[in-house]
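Q: My structure is below; once you've seen it, I'll send some questions.
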């Protein structure tokens, strides 16, 4: 049995007696549910309460859930606001609103709601341990040399995540699908042979370190559309890129549209195809 907080919370609703329509949800304990009557301020909720009082009536105040911890009350409050938000006077969406689907998007397929996979910008800088030409030729992306900053990050990607590779100093150079989770470079095979057996341009990626976690990690990628460095799709002020190792392109509509046009792909079709096949 989950231990309850000392102070028991509840979720309440204000109902307009003239129409029997809910117009405000809140959470609290003690006499909190009555605190809005006579409240000063220019909020839409206060205006509606004043209109009701001016007609000689009182708002109907009802508790809809009780015996809750504060966190449970916040979650229930957010759920009710999300469901009925268009008819309510609540100024805020609730403490858990970031975990909820945005309002008026039920006609769309959204990353992390309808798709478990996401679309990411991944910086693929070159250096003494990696080369973009190798990544193109052998179908992978690598990162590492520092587990906390890079190695652990590339290991976070899931199969069927979509990667938009951004080559530092050039621009977007490829769009691919993650086929296998990242492994240490010496454990990666290509065409039935260890990657180290292939004539890579940058063989330092197999350099052994005292702490193996601080070596290079390799993630298998199916390239869906590629560009040479010279053909890269350069960024502009309208085209977003992650300033850290990687970042979600979920809300970057202009950049997503730009990449679709230039790489001749449709992200929605890619996600539907591979998510349904998984």
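In our numbering, the protein residues as written are 395 to 672.
We put the CB at the ideal spot given by N, CA and C, even for glycine.
Small disclaimer: the values here were computed from a predicted structure and weren't measured.
Rounding to the nearest angstrom, what Cα-Cα distance links residue 588 and residue 617 in this structure?
A: 20 Å
Q: Classify residue 569: buried if its beta carbon has 16 or more other beta carbons within 10 angstroms, exposed otherwise.
A: buried
Q: Residue ranges of each beta strand (DSSP E) run of no fewer than 3 residues wholly in the stretch 553-597, ordered along the chain?
A: 556-561, 565-572
Q: Of all the alpha helix (DSSP H) runs that stay within the bounds of the stretch 428-458, which reach a length of 4 or more residues?
A: 438-448
Q: Taking the alpha carbon of residue 581 as the point to measure from, which residue in 513, 607, 414 has its own alpha carbon closest?
A: 607
Q: Using only the alpha-carbon positions, how far apart do residue 605 and residue 654 sit?
A: Residue 605 and residue 654: Cα-Cα distance of roughly 40 Å.
Q: Could you tell me the distance, in whole angstroms, from the CA atom of residue 409 to the CA atom of residue 448?
A: 16 Å
Q: Verify whether the separation of the beta carbon atoms of residue 561 and residue 567 is less than 7 Å.
A: yes
Q: For residue 537 and residue 639, which I take to be in contact (beta-carbon distance under 8 Å), what is that distance rounded to the nearest angstrom?
A: 7 Å
Q: Can you tell me whether DSSP reads residue 643 as helix, strand or coil?
A: coil
Q: Compute the distance between the beta-carbons of residue 454 and residue 643, then report whether it is under 7 Å.
A: When the beta-carbon positions are compared, residue 454 and residue 643 stay at least 7 Å from each other.
Q: Under a Cβ-count criterion, where at least 16 other Cβ atoms within 10 Å of its own Cβ denotes burial, should residue 414 be classed as buried or exposed?
A: Result: exposed.
Q: Going by DSSP, which residues form a beta bridge with residue 619?
A: 569
Q: Helix, strand or coil, according to DSSP, for residue 638 in the structure here?
A: coil
Q: Could you tell me the distance, in whole angstroms, from the CA atom of residue 467 to the CA atom of residue 541?
A: 39 Å
Q: Suppose you measure from the CA of residue 663 to the CA of residue 544; what does that come to, to the nearest Å?
A: 30 Å
Q: With a threshold of 8 Å, are at least 3 pairs of Cβ atoms found where one atom belongs to the stretch 424-441 and the other to the stretch 460-475?
A: no
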